[in-house]
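Below is one structure; the comments refer to it alone.
Protein chains in written order, with my numbering: chain E, 3 to 147; chain U, -6 to 172.
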């Protein structure tokens, strides 16, 4: 049974490759022709129109991001610049911005109160349970809950 | 003309073209034969043979003589061939099996591939080998290249090449007897 098995060593070694007539006679000339068609290697920047568009897009994106993320520089208006304005102009501007003199006054009072609290904490609140219950009876419990 | 004489003439700008022409004539059949057995199709083999020699022209000045000239050329040829087969697979999203089946079909259709039934079957068996093992098989079986030189071409140790060839022969014989 083993004798019938095909062994590679028993096969005639035949080169399976054939080529068209005169292929190897012409090949050197064809290769030489292609060799001389090859452009000389010159180191130059590989820049295309696509690169230009991509660069412009990237630059625009960076500019937009910087614009959006740049902090509002109100403090860049120097004190000297404000001092050159008349009080009436400032009041007019605040009115235009819907900020009344009364609001400013309240803000000022609140600021004084907050400052005083931060320096002097509230004294211990002494309120009786009865007083709390009385106060609660005056409030709308549902709103609180 | 010896390889060293060819290299000396190539180094001289006045005799460079002449030397290169002689070099192509000296190695074209071996290079084409190796590539053709790997890619089967004549026009593909023709393109790859030309590409191989163009690369030889471009880089021959950098050849340092660490290996023999023809193993250096074989190395370029095998790299070109593997790159071609990989690109072909990637371009058409083909698996290894599909490419091998396509090459197998070319064996049947190609009038330039000679041989009787058993030779035809042998070629199909070789195609079932992994690409690198196929290269090893061709260099050893058809070109009768010493393992030392095959090692220069593939960058693989001689021991690994011997084992690879042994397994290749075993797989081929199994295919020949099993089908």
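Cβ atoms here follow ideal geometry from the backbone N, Cα and C, with glycine treated the same way.
Taking just the CA atoms, how far does residue 168 of chain U sit from residue 6 of chain U?
Start at 1 with the first residue of the second chain, and residue 6 of chain U comes out as number 13. Start at 1 with the first residue of the second chain, and residue 168 of chain U comes out as number 175. Each residue's alpha carbon lies about 52 Å from the other.
Could you work out which residue in U:63, U:30, U:31 is closest to residue 0 of chain U when comparing CA atoms only?
Within the second chain, numbered from 1, the residue matching residue 0 of chain U stands at position 7. Selected option, being the one with the closest Cα: U:63.
Could you check whether residue 44 of chain U and residue 8 of chain E sit closer than 8 Å to each other, using their CB atoms as the reference points?
Within the first chain, numbered from 1, the residue matching residue 8 of chain E stands at position 6. Within the second chain, numbered from 1, the residue matching residue 44 of chain U stands at position 51. In this structure, residue 44 of chain U does not lie closer than 8 Å to residue 8 of chain E by Cβ.
Does any CB atom of chain U fall closer than 8 Å to the CB of residue 64 of chain E?
Residue 64 of chain E sits at position 62 when you count from the first residue of the first chain. No - not a single Cβ of chain U is within 8 Å of the one on residue 64 of chain E.
Measure the CB-CB distance between residue 146 of chain U and residue 71 of chain U and report whether it falls below 8 Å.
Working through the second chain from its first residue, we reach residue 146 of chain U at position 153. Working through the second chain from its first residue, we reach residue 71 of chain U at position 78. Yes, they are a contact pair.
Count the other CB atoms, across all protein chains shown, that sit within 10 Å of the CB of residue 94 of chain E; report buried if there are 16 or more and exposed otherwise.
Position 92 of the first chain holds residue 94 of chain E. So residue 94 of chain E counts as exposed.
Would you call residue 40 of chain E buried or exposed, if buried means 16 or more other Cβ atoms sit within 10 Å of its Cβ?
What you label residue 40 of chain E is simply residue 38 of the first chain in a count that begins at 1. By the neighbour-count rule (16 or more Cβ atoms within 10 Å), residue 40 of chain E is not buried but exposed.
Assign residue 19 of chain E to buried or exposed, taking buried as 16 or more other Cβ atoms, counted over all protein chains shown, within 10 Å of its Cβ.
Taking the first chain and counting its residues from 1, the one referred to as residue 19 of chain E is at position 17. Looking at its Cβ environment, which holds 16 or more other Cβ atoms inside 10 Å, residue 19 of chain E is buried.
Does residue 116 of chain U get closer than 8 Å to chain E when you measure Cβ to Cβ?
Within the second chain, residue 116 of chain U is the residue found at index 123, counting from 1. Judged by the 8 Å Cβ criterion, residue 116 of chain U is in contact with chain E.
Please decide whether residue 76 of chain U counts as near chain E, where near means a Cβ-Cβ distance under 8 Å.
Residue 76 of chain U sits at position 83 when you count from the first residue of the second chain. Chain E, which has no Cβ nearer than 8 Å to the Cβ of residue 76 of chain U, makes this no.
Between residue -1 of chain U and chain E, is any beta-carbon pair separated by less than 8 Å?
Working through the second chain from its first residue, we reach residue -1 of chain U at position 6. Taking Cβ atoms only, chain E never reaches closer than 8 Å to residue -1 of chain U, which makes this a no.
To the nearest angstrom, how far is the alpha carbon of residue 158 of chain U from that of residue 114 of chain U?
Translated into positions along the second chain, residue 158 of chain U becomes position 165. Translated into positions along the second chain, residue 114 of chain U becomes position 121. Computed Cα separation, rounded: 18 Å.
Should residue 133 of chain U be labelled buried (16 or more other beta-carbon atoms within 10 Å of its own) or exposed?
Against the second chain, residue 133 of chain U aligns to sequence position 140. When all chains shown are included, residue 133 of chain U counts as buried.
Measuring CA to CA, which of U:110, U:31, U:29, U:24 is closest to residue 14 of chain E?
Counted from its first residue, the first chain places residue 14 of chain E at position 12. When only C-alpha atoms are compared, the closest one is U:110.
Based on Cα-Cα distance, which residue from U:-4, U:29, U:22 lies nearest to residue 119 of chain U?
Along the second chain, read from residue 1 onward, the residue named residue 119 of chain U stands at position 126. Selected option, being the one with the closest Cα: U:29.
Taking the alpha-carbon of residue 15 of chain U as reference, which of E:31, E:22, E:24 has the nearest alpha-carbon?
Residue 15 of chain U sits at position 22 when you count from the first residue of the second chain. Cα-wise, what sits closest to residue 15 of chain U is E:31.
Three-state secondary structure (DSSP) at residue -6 of chain U?
Within the second chain, numbered from 1, the residue matching residue -6 of chain U stands at position 1. Three-state DSSP puts residue -6 of chain U in coil, outside helix and strand.
Whole-angstrom Cβ separation of residue 13 of chain U and residue 50 of chain U, contact assumed at under 8 Å?
On the second chain, residue 13 of chain U is found 20 positions in, with the first residue counted as 1. On the second chain, residue 50 of chain U is found 57 positions in, with the first residue counted as 1. Between residue 50 of chain U and residue 13 of chain U the Cβ distance is about 6 Å, and since that is below 8 Å, they are a contact.
Using 7 Å as the cut-off, classify the Cβ of residue 120 of chain U as near or not near the heavy atoms of the ligand PLP, replying yes or no.
Ligands in the displayed structure: none, and consequently the ligand PLP is not present.
What residue range is occupied by the uninterrupted alpha helix (DSSP H) comprising residue 45 of chain U?
In the second chain, residue 45 of chain U corresponds to position 52, counting from 1. That run of the alpha helix (DSSP H) goes 35 to 52.
Please state whether the Cβ-Cβ distance between residue 61 of chain U and residue 137 of chain U is less than 8 Å.
Numbered from 1 along the second chain, position 68 holds the residue referred to as residue 61 of chain U. Numbered from 1 along the second chain, position 144 holds the residue referred to as residue 137 of chain U. No, they are not a contact pair.
Note down the Cα distance separating residue 125 of chain U from residue 22 of chain U, rounded to an integer number of angstroms.
Position 132 of the second chain, counting from 1, holds the residue named residue 125 of chain U. Position 29 of the second chain, counting from 1, holds the residue named residue 22 of chain U. Taking the straight line joining both Cα atoms gives about 21 Å.
Identify the continuous alpha helix (DSSP H) that holds residue 18 of chain U and give its terminal residues.
As a first step, residue 18 of chain U is located in the second chain; it is residue number 25 there, counting from the start. Residues 9 to 32.
To the nearest angstrom, how far is it from the Cα of residue 3 of chain E to the Cα of residue 170 of chain U?
As a position in the first chain, residue 3 of chain E is number 1, starting the count at 1. As a position in the second chain, residue 170 of chain U is number 177, starting the count at 1. Low per-residue confidence applies at residue 3 of chain E: pLDDT is 45, beneath 50, and the placement is therefore not dependable enough to give any value.
Is there a C-beta anywhere in chain E that falls below 8 Å from the one on residue 35 of chain U?
Here residue 35 of chain U is taken as the residue at index 42 of the second chain, counted from 1. True, the Cβ-Cβ gap to chain E drops below 8 Å.
When you compare the CB of residue 52 of chain E with every CB in chain U, is at least one pair closer than 8 Å?
By one-based count along the first chain, residue 52 of chain E stands at place 50. Output row for residue 52 of chain E: interface = no.
Can you tell me where the alpha helix (DSSP H) holding residue 57 of chain U begins and where it ends?
Within the second chain, residue 57 of chain U is the residue found at index 64, counting from 1. No alpha helix (DSSP H) holds residue 57 of chain U; DSSP gives it neither H nor E.
At a CB distance below 8 Å, what residues from the stretch 131 to 149 of chain U approach chain E? Give them in sequence order.
Residues passing the 8 Å Cβ filter: 134, 135.
What is the residue span of the alpha helix (DSSP H) that residue 131 of chain U lies within?
On the second chain, position 138 is the one that residue 131 of chain U refers to. Per DSSP, residue 131 of chain U belongs to no alpha helix (DSSP H) and is neither H nor E.
Kindly list the residues whose CB is nearer than 8 Å to the CB of residue 160 of chain U, restricted to its own chain and excluding five residues on each side of it in sequence; keep chain order.
Position 167 of the second chain, counted from the start, is the residue given in the question as residue 160 of chain U. Excluding positions up to five away in sequence, the list reads 126.
Does any residue of chain E bring its CB to less than 8 Å from the CB of residue 50 of chain U?
Position 57 of the second chain holds residue 50 of chain U. Closer than 8 Å to some Cβ of chain E, the Cβ of residue 50 of chain U qualifies, so yes.
How is the alpha helix (DSSP H) around residue 157 of chain U delimited, first residue to last?
As a working mapping, residue 157 of chain U is identified with position 164 in the second chain. Residue 157 of chain U -> alpha helix (DSSP H) spans 151 to 171.
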